[in-house]
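**Student:**
There are 2 protein chains.
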Amino acid sequence: MELTKRQEAILEIVRSNGPITSEQIADRLSLTRATLRPDLAILTMAGLLEARPRVGYFFSGKSPNRIVAQKLRRIEVGTVMSRPVVVQDDSSTHDAIVAMFLEDCGTLFVVDEQGLLQGVVSRKDLLKLNMGGPQDLQKLPVGIVMTRMPNIVTVEAGDSVWTAAKKLVVHEVDAVPVTRRVARSDGKDGLEVVGRLSKTNITRLFVELGEST
Amino acid sequence: MELTKRQEAILEIVRSNGPITSEQIADRLSLTRATLRPDLAILTMAGLLEARPRVGYFFSGKSPNRIVAQKLRRIEVGTVMSRPVVVQDDSSTHDAIVAMFLEDCGTLFVVDEQGLLQGVVSRKDLLKLNMGGPQDLQKLPVGIVMTRMPNIVTVEAGDSVWTAAKKLVVHEVDAVPVTRRVARSDGKDGLEVVGRLSKTNITRLFVELGEST
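Top line first, the protein sequences correspond to chains A and B. Numbered according to the working numbering, the first sequence terminates at residue 409, and the numbering increases by one at each position without gaps. Numbered according to the working numbering, the second sequence terminates at residue 409, and the numbering increases by one at each position without gaps.
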């Protein structure tokens, strides 16, 4: 929403002088109340001004930034997440690296034979293997480098993308599994992996939001 | 800008049936034209609808998301970028991996003795080395895995973050160097690295924008 010069002038008058009546605003701008009416309606609808009967208009304290914030907080993980890429928990680190290149993703989820989440392994985890000199990665199981339950940060499809982005930043991870709690056959709870939310999804969403015209 | 249910209904009618006159919109909603007039004025002023004399209202193709888009497009790379992490072009791939862990960053920039950009190396580039079996990374120069000039995607500090994010998505990279063109001592131009813009910066910015209240 682009404000006109006149709407910006009105905002400035209300910000400095509010509460102020529409007559007083009209006076200051040497315009009629009728001329101002659509502008005041727009500024009020946009949440930038508030109007109280017999008091006048005052500045809502909401900035256009709040409109941005509200928009960002309303988008759900399920609408932007990617398909998860999983490997079985008996895979080798070599298998994990091959899966990463085949699927071109930076984070794998490790699941048990029931498909429930056991671990998360990132490029960084796998690259760390190189620090100790040459190794036979076919013989090293993925379990030695992965982050294990219950230390895994997860989100659900109905969470806001904003909450998920905050988890990525706070926990310093590139991606989190999107999960759903299910009953396991042994009676215990487990997490089924339904998606993957990464910094790539956030960056794509950022680009998309900036494209609206 | 928060629309009322009636304004959303009007938008939907115009989107599907425009151009359409105010009488026709009023008919569909079983309301009088007088009742609709303020809503139509607001939707038109907000740029969501356009009105043409003797034709009627039609959908402008602009959405309320425009305010979000404008905000995102106005932020500059220089305000959110990180410090660049560089290695010399005679480093080994082992040195590069060590630098990545010491600095905890996923993308390194390779520079010559004048500090000018020669290449970019990512975790993915380095992880690829493992695909061919065990190797002595101390003996493999970083040059064999890096992306070289002039194939490097770069941005400048004054570019919009949105443009930079678009480059990350389109070129499928996690980070780009923020550069400044300088004269080299041999008379040719070169790029000095002044920053690093990554998907992490975009994710942090996304979180920050959602925090405004």
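Each residue gets a CB set at the ideal place from its N, CA and C atoms; glycine is no exception. These numbers were taken from a predicted model, which means no experiment stands behind them.
Note down the Cα distance separating P215 of chain A from G252 of chain A, rounded to an integer number of angstroms.
**Tutor:** As a first step, residue 215 of chain A must be located in the first sequence, where it is residue number 19. As a first step, residue 252 of chain A must be located in the first sequence, where it is residue number 56. The alpha-carbon atoms of P215 of chain A and G252 of chain A are separated by roughly 5 Å.
**Student:** By the DSSP assignment, the beta strand (DSSP E) with S318 of chain A in it spans what residues?
**Tutor:** In the first sequence, residue 318 of chain A corresponds to position 122, counting from 1. Start and end: 313-318.
**Student:** Applying a beta-carbon distance threshold of less than 9 Å, which residues of chain A neighbour F305 of chain B?
**Tutor:** What you label residue 305 of chain B is simply residue 109 of the second sequence in a count that begins at 1. The premise fails here: F305 of chain B is roughly 18 Å from chain A at the closest Cβ pair, so nothing lies under 9 Å.
**Student:** Using only the alpha-carbon positions, how far apart do E246 of chain A and F254 of chain A sit?
**Tutor:** The sequence position of residue 246 of chain A within the first sequence is 50, counting from 1. The sequence position of residue 254 of chain A within the first sequence is 58, counting from 1. Cα to Cα, the separation comes out at about 5 Å.
**Student:** Can you pull the chain B residues whose beta carbon is under 8 Å from the beta carbon of E407 of chain A, in chain order?
**Tutor:** Within the first sequence, residue 407 of chain A is the residue found at index 211, counting from 1. Correct list: A265.
**Student:** Identify the continuous alpha helix (DSSP H) that holds Q203 of chain A and give its terminal residues.
**Tutor:** The residue labelled residue 203 of chain A in the question sits at position 7 within the first sequence. It spans 201-213 - the alpha helix (DSSP H) in which Q203 of chain A sits, taken as one unbroken run.
**Student:** Three Cβ pairs or more, each shorter than 8 Å: is that satisfied between the region 305-324 of chain A and the region 316-333 of chain B?
**Tutor:** Touching, yes, given that three or more Cβ pairs across the two stretches are closer than 8 Å.
**Student:** So which residues of chain A does F297 of chain B contact, with C-beta pairs closer than 9 Å?
**Tutor:** For the purposes of this step, residue 297 of chain B is identified with residue 101 of the second sequence, where counting begins at 1. Ordered by position in chain A, the residues that pass the 9 Å Cβ test against F297 of chain B are K320, L323, K324, M327.
**Student:** Compare the C-beta of K384 of chain B against all C-beta atoms of chain A and say whether one is closer than 8 Å.
**Tutor:** Position 188 of the second sequence, counting from 1, holds the residue named residue 384 of chain B. Closer than 8 Å: no.
**Student:** Compute the beta-carbon to beta-carbon distance between E388 of chain B and G311 of chain B, rounded to the nearest angstrom, for a pair I have assumed lies under 8 Å.
**Tutor:** Counted from its first residue, the second sequence places residue 388 of chain B at position 192. Counted from its first residue, the second sequence places residue 311 of chain B at position 115. Confirmed, about 6 Å.
**Student:** When you compare the CB positions of V306 of chain A and D285 of chain A, do they come within less than 8 Å of one another, or not?
**Tutor:** The sequence position of residue 306 of chain A within the first sequence is 110, counting from 1. The sequence position of residue 285 of chain A within the first sequence is 89, counting from 1. Cβ distance < 8 Å, so V306 of chain A and D285 of chain A count as in contact.
**Student:** Do you know offhand how far L244 of chain A's Cα is from I221 of chain A's?
**Tutor:** Sequence index remark: in the first sequence, residue 244 of chain A carries index 48 (1-based). Sequence index remark: in the first sequence, residue 221 of chain A carries index 25 (1-based). Rounded to whole angstroms, L244 of chain A to I221 of chain A spans 16 Å at the Cα level.
**Student:** Pick helix, strand or coil for I216 of chain B, following the three-state DSSP scheme.
**Tutor:** Taking the second sequence and counting its residues from 1, one reaches residue 216 of chain B at position 20. Strand, per DSSP.
**Student:** According to DSSP, what are the bridge partners of S287 of chain A?
**Tutor:** Along the first sequence, one-based indexing puts residue 287 of chain A at 91. None, per the DSSP bridge assignment.
**Student:** Would a C-beta distance cut-off of 8 Å place L401 of chain B and V276 of chain B closer than the cut-off?
**Tutor:** Taking the first residue of the second sequence as 1, we reach residue 401 of chain B at position 205. Taking the first residue of the second sequence as 1, we reach residue 276 of chain B at position 80. Closer than 8 Å, so yes.
**Student:** Mark S212 of chain A as exposed unless 16 or more other C-beta atoms lie within 10 angstroms of its C-beta, in which case mark it buried.
**Tutor:** If you number the first sequence from 1, residue 212 of chain A lands on position 16. Label assigned to S212 of chain A: exposed.
**Student:** Can you tell me the Cβ-Cβ gap for G391 of chain B and A353 of chain B, rounded? I've got them flagged as a contact below 8 Å.
**Tutor:** Translated into the one-based positions of the second sequence, residue 391 of chain B becomes position 195. Translated into the one-based positions of the second sequence, residue 353 of chain B becomes position 157. Right, their Cβ atoms sit about 6 Å apart.
**Student:** So, is D300 of chain A buried or exposed, given that buried needs 16 or more other C-beta atoms within 10 angstroms?
**Tutor:** Within the first sequence, residue 300 of chain A is the residue found at index 104, counting from 1. So D300 of chain A counts as exposed.
**Student:** Give the residues from the region 391-403 of chain A that approach chain B closer than 7 Å (Cβ to any Cβ), ordered along the chain.
**Tutor:** Taking 7 Å as the Cβ-Cβ cut-off against chain B, the residues of the region 391-403 of chain A that qualify are K395, T396, I398, T399, R400, F402, V403.
**Student:** By how many angstroms is the C-alpha of V273 of chain B removed from the C-alpha of T375 of chain B?
**Tutor:** Within the second sequence, residue 375 of chain B is the residue found at index 179, counting from 1. Within the second sequence, residue 273 of chain B is the residue found at index 77, counting from 1. Distance between the alpha carbons of T375 of chain B and V273 of chain B is about 11 Å.
**Student:** Closest to L393 of chain B by C-alpha separation, out of B:G386, B:A379, B:T359, B:G383, would be which residue?
**Tutor:** Locating residue 393 of chain B in the second sequence gives position 197, where the first residue counts as 1. Of the listed residues, the one whose Cα sits closest to L393 of chain B is B:T359.
**Student:** Here's the rule I'm using: 16 or more other beta-carbon atoms within 10 Å means buried, otherwise exposed. How should N397 of chain B be labelled?
**Tutor:** As a first step, residue 397 of chain B is located in the second sequence; it is residue number 201 there, counting from the start. Flag for N397 of chain B reads buried.
**Student:** For P373 of chain B, would you say it is in contact with chain A, using Cβ-to-Cβ distances shorter than 8 Å as the test?
**Tutor:** Walking along the second sequence from the start, residue 373 of chain B turns up at place 177. Chain A, which has no Cβ nearer than 8 Å to the Cβ of P373 of chain B, makes this no.
**Student:** With L207 of chain A and S218 of chain A assumed to form a contact (beta carbons below 8 Å), what rounded beta-carbon distance in angstroms separates them?
**Tutor:** Within the first sequence, the letter at position 11 stands for residue 207 of chain A. Within the first sequence, the letter at position 22 stands for residue 218 of chain A. Actually they are not in contact, since the Cβ atoms of L207 of chain A and S218 of chain A sit about 14 Å apart, beyond 8 Å.
**Student:** Measure the beta-carbon distance from S288 of chain B to K335 of chain B and round it to whole angstroms, keeping in mind my assumption that it falls under 8 Å.
**Tutor:** Start at 1 with the first residue of the second sequence, and residue 288 of chain B comes out as number 92. Start at 1 with the first residue of the second sequence, and residue 335 of chain B comes out as number 139. At roughly 7 Å, the Cβ-Cβ gap stays under 8 Å, so S288 of chain B and K335 of chain B are in contact.
**Student:** Quick one, which of A:F297, A:I293, A:V366, A:V351 has its alpha-carbon nearest M342 of chain A's?
**Tutor:** Taking the first residue of the first sequence as 1, we reach residue 342 of chain A at position 146. For M342 of chain A, the nearest C-alpha among the options comes from A:I293.
**Student:** Verify whether the separation of the beta carbon atoms of V351 of chain B and V372 of chain B is less than 8 Å.
**Tutor:** For the purposes of this step, residue 351 of chain B is identified with residue 155 of the second sequence, where counting begins at 1. For the purposes of this step, residue 372 of chain B is identified with residue 176 of the second sequence, where counting begins at 1. In this structure, V372 of chain B lies closer than 8 Å to V351 of chain B by Cβ.
**Student:** Give the DSSP-derived three-state secondary structure of R380 of chain B in the structure shown.
**Tutor:** Numbered from its first residue, the second sequence carries residue 380 of chain B at position 184. R380 of chain B: coil per DSSP, three-state reduction.
**Student:** In this structure, does DSSP put A230 of chain A in helix, strand or coil?
**Tutor:** Mapped onto the first sequence, residue 230 of chain A falls at position 34. Correct three-state label for A230 of chain A: helix.
**Student:** Quick check on DSSP: helix, strand or coil for D300 of chain A?
**Tutor:** Here residue 300 of chain A is taken as the residue at index 104 of the first sequence, counted from 1. In the structure shown, D300 of chain A sits in coil (DSSP, three-state: anything other than H, G, I, E or B).
**Student:** Can you pull the chain B neighbours of V365 of chain A, defined as C-beta to C-beta under 7 Å?
**Tutor:** Position 169 of the first sequence holds residue 365 of chain A. Correct list: T399, R400, V403.
**Student:** Go ahead and pull the three-state DSSP assignment for T375 of chain B.
**Tutor:** Against the second sequence, residue 375 of chain B aligns to sequence position 179. Strand.
**Student:** Nearest-angstrom Cα distance between G302 of chain B and T399 of chain B?
**Tutor:** Working through the second sequence from its first residue, we reach residue 302 of chain B at position 106. Working through the second sequence from its first residue, we reach residue 399 of chain B at position 203. Their backbone Cα atoms lie some 15 Å apart in a straight line.
**Student:** Just to confirm my understanding: we take R278 of chain A, look at its own chain, exclude 5 residues before and 5 after, and list those with CB closer than 8 Å. What are they?
**Tutor:** Taking the first sequence and counting its residues from 1, the one referred to as residue 278 of chain A is at position 82. Sequence check: residue 278 of chain A is Ser here, not Arg. Taken in chain order, the residues that qualify are C301, G391, R392, L393, S394, T396, N397.
**Student:** For a contact meaning CB atoms closer than 7 Å, what does I340 of chain B contact in chain A?
**Tutor:** In the second sequence, counting from the first residue as 1, residue 340 of chain B sits at position 144. What I340 of chain B touches in chain A: nothing, since even the nearest Cβ is about 15 Å away.
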